[in-house]
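As structure tokens, the structure follows; a few thoughts come after it.
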Amino acid sequence: MPGWGEEAGRLKWSRRWDAELEWDPPAARWFAGGQINASYNALDVQDPSRTAIIWEGEDGSVRRITYGWLLDQASRLAGGLLSMGVGRGDRVAIYLPMIPELPAAMLACARIGAVHTVVFSGLGAASLRSRIADSGARVLVTADAGYRRGARIRLKEAADEAVRGTGVRTIVVRRTGDASLGPGDTWWDDLVSGSAPADPVPLESCHPLFILYTSGTTGMPKGILHGTGGYLVHACSTFRLAFGTRPGDIYWCTADPGWVTGHSYVVYAPLCCGATQVMYEGAPDHPDASRMWQVAERHGVTILYTTPTAIRMQMASGILPGSHDLSALRLLGSVGEPLGAPAWAWYRDEVGGGRCPVIDTWWQTETGGMMVVDPPGGGTPEPGYAGRPVPGIDVRVVDDGGRPAPDGERGRIVVSGTWPGMMIGVWGSEERYASYWSGDPPVYQAGDYAVRDAEGRIRILGRADDVLNVAGHRIGTAEIEACAASHPGVAEAAACGVPDPVRGQSIAVFAVPRGGGFEPGEIRSLVRRDVGPVASPRIVCSVPRLPKTRSGKIMRRILGALAAGSDPGDTSTLEDPGAVEDAARALRGA
Ligand code: PRX
Numbered sequence: 392m393p394g395w396g397e398e399a400g401r402l403k404w405s406r407r408w409d410a411e412l413e414w415d416p417p418a419a420r421w422f423a424g425g426q427i428n429a430s431y432n433a434l435d436v437q438d439p440s441r442t443a444i445i446w447e448g449e450d451g452s453v454r455r456i457t458y459g460w461l462l463d464q465a466s467r468l469a470g471g472l473l474s475m476g477v478g479r480g481d482r483v484a485i486y487l488p489m490i491p492e493l494p495a496a497m498l499a500c501a502r503i504g505a506v507h508t509v510v511f512s513g514l515g516a517a518s519l520r521s522r523i524a525d526s527g528a529r530v531l532v533t534a535d536a537g538y539r540r541g542a543r544i545r546l547k548e549a550a551d552e553a554v555r556g557t558g559v560r561t562i563v564v565r566r567t568g569d570a571s572l573g574p575g576d577t578w579w580d581d582l583v584s585g586s587a588p589a590d591p592v593p594l595e596s597c598h599p600l601f602i603l604y605t606s607g608t609t610g611m612p613k614g615i616l617h618g619t620g621g622y623l624v625h626a627c628s629t630f631r632l633a634f635g636t637r638p639g640d641i642y643w644c645t646a647d648p649g650w651v652t653g654h655s656y657v658v659y660a661p662l663c664c665g666a667t668q669v670m671y672e673g674a675p676d677h678p679d680a681s682r683m684w685q686v687a688e689r690h691g692v693t694i695l696y697t698t699p700t701a702i703r704m705q706m707a708s709g710i711l712p713g714s715h716d717l718s719a720l721r722l723l724g725s726v727g728e729p730l731g732a733p734a735w736a737w738y739r740d741e742v743g744g745g746r747c748p749v750i751d752t753w754w755q756t757e758t759g760g761m762m763v764v765d766p767p768g769g770g771t772p773e774p775g776y777a778g779r780p781v782p783g784i785d786v787r788v789v790d791d792g793g794r795p796a797p798d799g800e801r802g803r804i805v806v807s808g809t810w811p812g813m814m815i816g817v818w819g820s821e822e823r824y825a826s827y828w829s830g831d832p833p834v835y836q837a838g839d840y841a842v843r844d845a846e847g848r849i850r851i852l853g854r855a856d857d858v859l860n861v862a863g864h865r866i867g868t869a870e871i872e873a874c875a876a877s878h879p880g881v882a883e884a885a886a887c888g889v890p891d892p893v894r895g896q897s898i899a900v901f902a903v904p905r906g907g908g909f910e911p912g913e914i915r916s917l918v919r920r921d922v923g924p925v926a927s928p929r930i931v932c933s934v935p936r937l938p939k940t941r942s943g944k945i946m947r948r949i950l951g952a953l954a955a956g957s958d959p960g961d962t963s964t965l966e967d968p969g970a971v972e973d974a975a976r977a978l979r980g981a
């Protein structure tokens, strides 16, 4: 990949930057002095007649959304926002389901320099309220309702609860038409049709583009703040590096724009690169697990970018994609969790028919875009490995003293120097931003454990806070999980620590069976053999599903509490709170 300056040159700037980087650790100003607008790059410069989004509703309806439609909606909504008094730097909260109005709303904000904060529509009123309060948003864009697994989710009711007594004004997309509007509310259609389109305004490269809340170590999620120029350069150049979309490609990233993958690789990068993509409204397993393959077949998807959880869910369903014509697929991507060898092989063979490269991409909300990926043809793929650092980004694996960890030995991921997509701050908290750096000169602490091999490939072991200490030995939950999942009767597994009076912690494994299932003793022997006797789990439970957040992260904290016989605490962020009762029942029987 050429240098960042050359990459930046592929975007349209209103004013060229004076300096590619002003670096005063840990503060970085990328493309300082440059002026740019994200909405202009995503919409105005594209062919208006080209299809931007092939949208499929959960009910099977299909809408072809052109770049021209998105431009019209975004620029008129931007005009409407201006008329409501929203200006540069003002925050706008967006609480929408997976409908084309979601990217349009984000781009409307970007057009006038307002800062969007998208709240995943699966979160409830309390989460929305706290994010609106923390960001100080004065306007909320929502919909009357959305659909998920056949159910109508009344977003407007949650939105009303979230903004009650705050004076926040609400713009409502008419999806089902059955919401009643309050005095400060307006229908999206009315606002858009009654507003003149607003022109994109040139913004300083470091002007904030969005705030996105993500979990930290404290109760209140932190608002990760991203800038404009550097973020766009990073997202677009890694999108091209990893996927290299070409004419005729139909790209499908299954992420919801409510999470960072959706921000970078559904909205900003694909649109700025003029891609045509699929957006599917509902759950990938609704009405059954084959839905994902139906969508891919129907729209001739060529590039699929999804999560290991989605892949393992498909594996566990027992429904093979083979009965669908997926011959258009040419590239498979993964993000968000370690893609263990069994899921990697299943993805490559069952989904990709053995012909499509599988690429794994490691990055974080904070990093803005991919940090580690072996693009197709960029090296021999190794199952379980995310790959090598993106050229120009100095990702290292270090020991506790900050020295490079020997090849094959576990260390922490740090990033030396800076990179264009790096967050520009944590909203409202300089200390939380500063806490990411340590050392002299300071390096970015990613919070993940990893192993690097002699070829420089990086294997992610999981969050440093998910690492257990058993009798003085550090053991990654991901290592145990990968080992348990290598049993042919296991679809996926979660490992967690249980307080142990002698060994500090012991290990509990919760595993979802598939095919012929497994015996607990078989998992113990496997772990003892592959990870080491010290890691042999004390508890092995068979569960029908694992407790996960709506973004697919396994909630090991909850499993650990259950295994320890203590209160699992707040389970409201789970995709399916019933999974907690399943685990409790399984423990009683174990
Ligand atoms: O632990 C790593 C894991 O997800 C964390 C970042 O989560 P989030 O900010 O929600 O962003 C997710 C989407 C980029 C990381 O600290 N993670 C992310 N990608 C991978 C991964 N773990 C293993 N392999 C990956 N490819």
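First residue of the sequence shown: 392, per this note's numbering; consecutive thereafter.
Beta carbons: idealized from backbone N, C-alpha and C, even for Gly.
Secondary structure at W414: strand, using DSSP grouped into helix, strand and coil. Between T645 and P675, the C-beta gap is smaller than 8 Å, which places the two residues in contact. For E773, the three-state secondary structure derived from DSSP is coil.
Taken atom to atom, the span from the alpha-carbon of T652 to that of S474 is near 31 Å. Annotated three-state conformation of C887 is strand, per DSSP.
In this structure, ligand 1 has a non-hydrogen atom nearer than 7 Å to the beta-carbon of S942.
Secondary-structure assignment with DSSP links M670 through a beta bridge to W446. Within the same chain, Cβ atoms closer than 8 Å to the Cβ of K939 are found at T700, I945, M946, L965, E966, D967, A970, the five residues on either side in sequence being excluded. Residue range 930 to 933 is occupied by the beta strand (DSSP E) that includes C932. Between ligand 1 and the CB of A777, the shortest heavy atom gap is smaller than 7 Å. For R854, the Cβ falls inside the 7 Å cut-off from some heavy atom of ligand 1.
If you draw a straight line from the Cα of P638 to the Cα of A443, it comes to about 12 Å. If you compare the alpha carbons of G614, F511, G830, D791 with that of A855, the shortest gap goes to D791. Here T771 is exposed: its Cβ has fewer than 16 other Cβ atoms, across all protein chains shown, within 10 Å. Here the alpha carbons of P748 and S829 stand approximately 37 Å from one another. Between L594 and T619, the C-beta spacing is below 8 Å.
Using a Cβ distance threshold of 8 Å, D481 and G819 do not count as a contacting pair. Considered as a whole, the segment 577 to 614 harbours 579 to 584 as its complete alpha helix (DSSP H) runs of no fewer than 4 residues, in chain order. The closest CA to that of S405, considering only R682, V789, V592, is found on V592.
Per the coordinates, the alpha-carbon of G912 lies some 10 Å from the alpha-carbon of I930. In the displayed model, C644 falls within a strand according to three-state DSSP. Counting along the chain, G537 sits inside the beta strand (DSSP E) bounded by residues 537 to 539. Between the alpha carbons of D580 and R565 lies a gap of roughly 8 Å. Contact annotation, H617 with F601: C-beta distance approximately 6 Å; criterion of less than 8 Å satisfied. Across the set D921, V861, S430, I851, the C-alpha of D921 shows the shortest separation from the C-alpha of S877. CA-to-CA, the gap between I914 and C932 works out to about 10 Å.
When DSSP states are grouped into helix, strand and coil, W737 belongs to the helix group. In the three-state reduction of the DSSP assignment, W828 falls in the strand class, which pools E and B.
With fewer than 16 other CB atoms across the displayed protein chains lying within 10 angstroms of its CB, A517 is exposed. Of all alpha-carbon atoms in G808, R420, P494, R467, the one lying nearest the alpha-carbon of I456 is that of P494. Between W810 and I784, the C-beta spacing is below 8 Å. For Q836, the secondary structure class from DSSP, reduced to helix, strand or coil, is strand. Below 8 Å, too few C-beta pairs join the segment 763 to 770 and the segment 730 to 746 to call them touching: fewer than three.
Our two residues, R560 and E492, have alpha carbons roughly 18 Å apart in a direct line. Taking the Cα of G424 as reference, the smallest distance to any Cα among L498, R522, E413 is reached at E413. Counting the other Cβ atoms within 10 Å of the Cβ of R682 gives 16 or more, which makes it buried.
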